[in-house]
Structure formats: C-alpha cells, structure tokens
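Following this note's numbering, the numbering of the sequence shown begins with 69 at its first residue and continues without gaps. Down below is the structure, laid out as structure tokens.
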Amino acid sequence: MEGIDLSALSGEELQQKVEEIVQQRVQAELEANRINEGEVTYAPPPAGNPVPPTGSQPSHSSQVKNLGELRWYSGCFYERNKETGRLTISQQTFTDELAAEYGVVGGRSVPMSSGVKLSDFDADEVATDFPFRELVGSLMWLATQTRPDIANAVRAVARYCASPKLVHWNAAMDILGYARRTSHFGISFQRGTVEGFSLQGYADADFASKAADRRSVSGGIVTCGGGAVSWFSRTQKCVTLSTTEAEYVALGDVVKEILFLRQIWRFMLPQVGMPCIPVFEDNQGAIQLAQNPISNSNSKHIDVRNHFLRELVERKEISVIHVPSLYQRADFLTKSLSKDAFESHRDFVMNLA
C-alpha cells in the first residue's frame, strides 16, 4: 500500500479502502483460479479476463505508485516464479552481514547438537565480555521471520540473557554458524494442490525438559501452501504431571494459533467455506483427551482453560489426527535432534526443494 496519500484519509476511510482493495483482489483471484466451496483448482486466468494488478485498483480515488513485483519487505527478500507458482521468502543478506559482524566464517550442519541441553547450573563464569544479548536478539529476528529451523535452539539460549556464561555464548555462535551455512534457505510456498491451500497444524511437547523447574517445552507449526506460516518453540507456563498433559497443552497452543489464522482466512476469502482443520499429534493420550469430554482421575486437575479444544473437536472445526513420531514435524521445535531427523523436519516445514 506504499504510495497512498494517508494524509487525505481518516482512519475509518483508510480501513474501508484497504478492505475494498483486498476483497477485489481476492475476488479476482477466485474467479481466475476457480476456488469454490472449500475446494481449490488452480488454472491460468482466462485470456480475456486477466487478474488486474492490485496497484491499479485504487488509482481512481488515491494516488498510488505501482512499484512492480514485491522484492523486499521488512528485511525479507521475496522471490516468485510465476511459471512454477513458487514463492520463497528468505533473509540471506541479513544473515551474511550478521555472520560477518561476528567473524563467523565456517558453518555447522545443525544449529544445536543432538541431546544438548543447556542448564542453569553450568559452572562457567559469566561471559560479560561478549555481546550475548545483541546476538540473541538478531537470531530471534531470524527465527521469527523465515527460519523456524533455528527456533528451538534460539529459545534455549535466550533464557540466559540475564547472566550468560561461556557455554551459552558458544551455543549462540553455533546457531549463527549454522544460519550462515544455510543463509540461502527460506520458506517456500507452492501453488497447485487442494491440500496445500488449507491450514494444517502440528503439535508436540518435550515433557519436563527444563531442569530448573521441570516445565515442558511446546512446539507447534501451522502450514499453508506447502510451507510454514506460523510456528513457535516455548516453555509452557504451567508444570504438567505427564507427557499426555504436556502434549495436550501444546495441542491447545497450536489450535489457538490456528483460530487466529482462520480469522484472517475468513476476511480474505469470505465466500470460501473453512473445512475442518487437521492437527497432527503423536501422543494417543492427548488425542483421547481432546476427543473424550469425560474426565477421569488422571485428567481432572487439568485447567479448564485447556479444554476449549474439546468443544472445537465436537463442532468438527478441528480434527486431531494421530501421526507417527517419525513424521511429527513439530518435533524439532521441542528438542535438538540427530542430523537426519532434523533435516527431514526442516525440509518439510520450509518446503525446501
């Protein structure tokens, strides 16, 4: 929307104008791609009815400068192949500049070695001579924008910003080394399949992995168009008493993210029905807990705020589906894995070809 004369518009007028532009653009895409009743069939626009460029639509009421194909936005590089229908978002320039700033030349094959768990009880002296907070802040920017593959490792080191030790600094530098080696990686989205156009969620947890207070780690991913559109790796806010409970909490976290994305979907595609959204979970106990409204002695203590998921399952808005642990794509957001397992999940989530 760069180029619109905002000074001539009030807040309500601007909101209405933006909504009109978005709705018109989506309607044109719907007509061109024949999206109906929750089904998606992609086809080239008819020769006599091309999709109008977004920048040309509001020109009758506002001065707009068409800057052409989107290339850069908010530090991210956008590359679209119109022939194959593939869009890739990456941050190679930022990553390479960050590596040069910290003198990183080599690279690692994984952001954190398998089985590594940083501890509050490490015996090293506090590393006050290193710009630890600055480095972690930059890595967090990468992890939240285009690099879900480093999210778990960044979460692990970010906990020690108050009093980092040498082992934590070295771990952060390892993450940067991996990011530099794979700086050309980005998240890709592919046009062309019914499954790819719908939302899908993956939820996982690492039970009682935080040694200091025995809290679990939640990991979650939501994909659309073949690539991740939302992900997180974070310590749970409550202490859980079993793997099932930890997985159930993580499942709820993913569903809350899906509900937010569904609101965006309904705004962008109001005439397309939202199908039942699948969420993949590898713990049978958590699945049964989500599908069974009856509490037993092992689940009565679970906070009622976590049971909103049951209502969504009953209304068939969410479907919780079992997936083998080998294909639990959120697994690499909860713990460090072997190189082969890590790369398998990374390539799927980021849609690396």
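Idealized CB from N, CA, C, for every residue including glycine.
Handout entry: Residues of its chain near Leu420, where Cβ-Cβ distance is below 8 Å and the 5 sequence neighbours each way are ignored
Key = Taking the sequence shown and counting its residues from 1, one reaches residue 420 at position 352. Excluding sequence neighbours, Leu420 sits near Phe253, Ser256, Arg414.
Problem - Contact between the region 318-337 and the region 264-274 (3+ Cβ pairs under 8 Å) - result: Because the criterion of three Cβ pairs below 8 Å is met, the region 318-337 and the region 264-274 touch.
Exercise for the section: Give the secondary structure of Thr360 by DSSP, where H, G and I count as helix, E and B as strand, and everything else as coil. Expected result: As a working mapping, residue 360 is identified with position 292 in the sequence shown. Checking the sequence shown, residue 360 turns out to be Asn, not Thr. In the structure shown, the three-state DSSP call for Asn360 is coil.
Practice task
Give the C-beta separation of Ser251 and Thr163 to the nearest angstrom, bearing in mind that I take them to be a contact with Cβ-Cβ under 8 Å.
Solution key: As a first step, residue 251 is located in the sequence shown; it is residue number 183 there, counting from the start. As a first step, residue 163 is located in the sequence shown; it is residue number 95 there, counting from the start. Correct: roughly 4 Å between the Cβ atoms.
Handout entry: Segment contact, 8 Å Cβ cut-off, at least three pairs: the region 349-360 with the region 388-396
Key = Touching, yes.
Problem - Pro216 in three-state terms, based on DSSP - result: Locating residue 216 in the sequence shown gives position 148, counting from the first residue. Pro216: helix per DSSP, three-state reduction.
Practice task
Please name the residue in Ile332, Lys150, Tyr146 whose C-alpha comes closest to that of Ser158.
Solution key: The residue given as residue 158 occupies position 90 in the sequence shown. Ser158 has its Cα closest to that of Tyr146, out of Ile332, Lys150, Tyr146.
Exercise for the section: Say whether chain D places a C-beta atom closer than 7 Å to the C-beta of Gln356. Expected result: Here there is only one protein chain, and chain D is not present.
Problem - Buried versus exposed call for Arg334 [16 or more other C-beta atoms within 10 Å across all chains shown] - result: Against the sequence shown, residue 334 aligns to sequence position 266. So Arg334 counts as exposed.
Practice task
State yes or no: is the C-beta of Pro199 within less than 7 Å of the C-beta of Tyr246?
Solution key: The residue you call residue 199 lines up with position 131 of the sequence shown. The residue you call residue 246 lines up with position 178 of the sequence shown. No, the pair does not count as a contact, with Cβ atoms beyond the cut-off.
Exercise for the section: Could you round the C-beta distance between Leu401 and Ser301 to whole angstroms and report it? I think they count as a contact, below 8 Å. Expected result: For the purposes of this step, residue 401 is taken as the residue at position 333 of the sequence shown. For the purposes of this step, residue 301 is taken as the residue at position 233 of the sequence shown. Taking a contact as a CB-CB distance under 8 Å, the pair Leu401 and Ser301 counts as one, their CB atoms being some 4 Å apart.
Problem - In DSSP terms, what Lys233 is bridged to - result: Here the question's residue 233 lines up with position 165 in the sequence shown. Answer is Val194, bridged to Lys233.
Practice task
Given a cut-off of 7 Å, decide if Pro216 and Ala296 are closer than it, judged by their beta-carbon atoms.
Solution key: Position 228 of the sequence shown, counting from 1, holds the residue named residue 296. Position 148 of the sequence shown, counting from 1, holds the residue named residue 216. Result yes, Cβ atoms of Ala296 and Pro216 sit closer than 7 Å.
Handout entry: Simplified DSSP assignment, three categories, for Val290
Key = The count along the sequence shown starts at 1 and reaches residue 290 at position 222. Assigned with DSSP and collapsed to three states, Val290 falls in strand.
Practice task
Helix, strand or coil for Pro112, going by three-state DSSP, please let me know.
Solution key: For the purposes of this step, residue 112 is identified with residue 44 of the sequence shown, where counting begins at 1. Unreliable placement is indicated for Pro112, whose pLDDT of 43 sits below 50; the coordinate value is still reported in the next sentence. DSSP places Pro112 outside both helix and strand once states are collapsed to three, so it counts as coil.
Practice task
Evaluate Lys305 with the Cβ neighbour count: other Cβ atoms within 10 Å of its Cβ, from every protein chain shown; 16 or more gives buried, anything less gives exposed.
Solution key: As a first step, residue 305 is located in the sequence shown; it is residue number 237 there, counting from the start. Result: exposed.
Handout entry: Where Ile103 falls: helix, strand or coil (DSSP)
Key = One-based indexing of the sequence shown puts residue 103 at position 35. Low per-residue confidence applies at Ile103: pLDDT is 45, beneath 50, and the placement is therefore not dependable, though the value from the model is reported in the following sentence. Here Ile103 carries a strand assignment [DSSP, helix/strand/coil].
Problem - Span separating the alpha-carbon of Ile332 from that of Tyr141 - result: Residue mapping note: residue 332 aligns to position 264 of the sequence shown, counting from 1. Residue mapping note: residue 141 aligns to position 73 of the sequence shown, counting from 1. Approximately 20 Å, taken between the alpha carbons.
Handout entry: Cα-Cα separation between Ser206 and Leu244, rounded to whole angstroms
Key = Position 138 of the sequence shown, counted from the start, is the residue given in the question as residue 206. Position 176 of the sequence shown, counted from the start, is the residue given in the question as residue 244. Straight-line measurement puts the Cα of Leu244 at about 10 Å from the Cα of Ser206.
Exercise for the section: Name, in chain order, the residues that DSSP records as bridge partners for Asp188. Expected result: As a first step, residue 188 is located in the sequence shown; it is residue number 120 there, counting from the start. For Asp188, which the question treats as bridged, DSSP gives no partner whatsoever.
Problem - Exposure label - Pro23; buried when at least 16 CB within 10 Å - result: A question about residue 23 goes unanswered here, because the residues of the chain that appear run from 69 up to 421.
Exercise for the section: Return the CA-CA distance between Arg249 and Met208, expressed in angstroms with no decimal places. Expected result: Translated into the one-based positions of the sequence shown, residue 249 becomes position 181. Translated into the one-based positions of the sequence shown, residue 208 becomes position 140. Cα-Cα distance, rounded: 17 Å.
Handout entry: Contact under 7 Å by Cβ, Gly153 with Gly260
Key = In the sequence shown, the residue the question calls residue 153 occupies position 85. In the sequence shown, the residue the question calls residue 260 occupies position 192. Cβ distance < 7 Å, so Gly153 and Gly260 count as in contact.
Problem - DSSP state of Gln396 mapped onto helix, strand, coil - result: Here the question's residue 396 lines up with position 328 in the sequence shown. Three-state result, Gln396: coil.
Handout entry: As assigned by DSSP and simplified to three states, the class of Glu141
Key = In the sequence shown, residue 141 corresponds to position 73, counting from 1. The identity of residue 141 in the sequence shown is Tyr, whereas the question assumes Glu. In the three-state DSSP reduction, Tyr141 falls in the strand class (E or B).
Practice task
List the whole-angstrom C-beta distance separating Ser404 from Ser182, where the pair is believed to meet the contact cut-off of C-beta under 8 Å.
Solution key: On the sequence shown, position 336 is the one that residue 404 refers to. On the sequence shown, position 114 is the one that residue 182 refers to. Ser404 to Ser182, Cβ: 5 Å. Contact.
Exercise for the section: Using beta-carbon positions only, say whether Ala398 and Ile326 come within less than 7 Å of one another. Expected result: Position 330 of the sequence shown, counted from the start, is the residue given in the question as residue 398. Position 258 of the sequence shown, counted from the start, is the residue given in the question as residue 326. For Ala398 and Ile326, no; Cβs fall outside 7 Å.
Problem - CA nearest to the CA of Leu166, picked from Glu315, Leu155, Glu202 - result: Taking the sequence shown and counting its residues from 1, one reaches residue 166 at position 98. Each of Glu315, Leu155, Glu202 was checked against the Cα of Leu166, and the nearest Cα belongs to Glu202.
Exercise for the section: Indicate the three-state DSSP secondary structure (helix, strand or coil) for Thr161 in the structure shown. Expected result: Working through the sequence shown from its first residue, we reach residue 161 at position 93. Of the three classes helix, strand and coil, the one that applies to Thr161 here is helix, per DSSP.
Problem - 4 or more residues per run - each alpha helix (DSSP H) lying fully within the region 282-339 - result: Segments of the alpha helix (DSSP H) lying fully in the region 282-339: 311-336.
Handout entry: Glu151 versus Gln258, Glu193, Asp188, Tyr395, residue with shortest Cα-Cα distance
Key = As a working mapping, residue 151 is identified with position 83 in the sequence shown. The option with the nearest alpha carbon to Glu151 is Gln258.
Practice task
Tell me, please, which residues DSSP counts as bridged to Asp272.
Solution key: The count along the sequence shown starts at 1 and reaches residue 272 at position 204. Asp272 is bridged by DSSP to Gly287.
Exercise for the section: Indicate the three-state DSSP secondary structure (helix, strand or coil) for Gly353 in the structure shown. Expected result: On the sequence shown, position 285 is the one that residue 353 refers to. Here Gly353 sits in helix by DSSP.
Handout entry: Nearest neighbour of Gln396, chosen from Phe416, Glu385, Arg383 [CA to CA]
Key = Working through the sequence shown from its first residue, we reach residue 396 at position 328. Looking at Phe416, Glu385, Arg383, the one whose alpha-carbon comes closest to that of Gln396 is Phe416.
Exercise for the section: Would you identify the three-state DSSP class for Met208, choosing helix, strand or coil? Expected result: Position 140 of the sequence shown, counted from the start, is the residue given in the question as residue 208. Reduced to three states, the DSSP call for Met208 is helix.
Exercise for the section: Determine the closest residue to Ser266 out of His375, Leu138, Leu329, Gly171, with distance taken between C-alpha atoms. Expected result: Stepping through the sequence shown from its first residue, residue 266 is reached at position 198. It is Leu329 whose Cα lies nearest to the Cα of Ser266.
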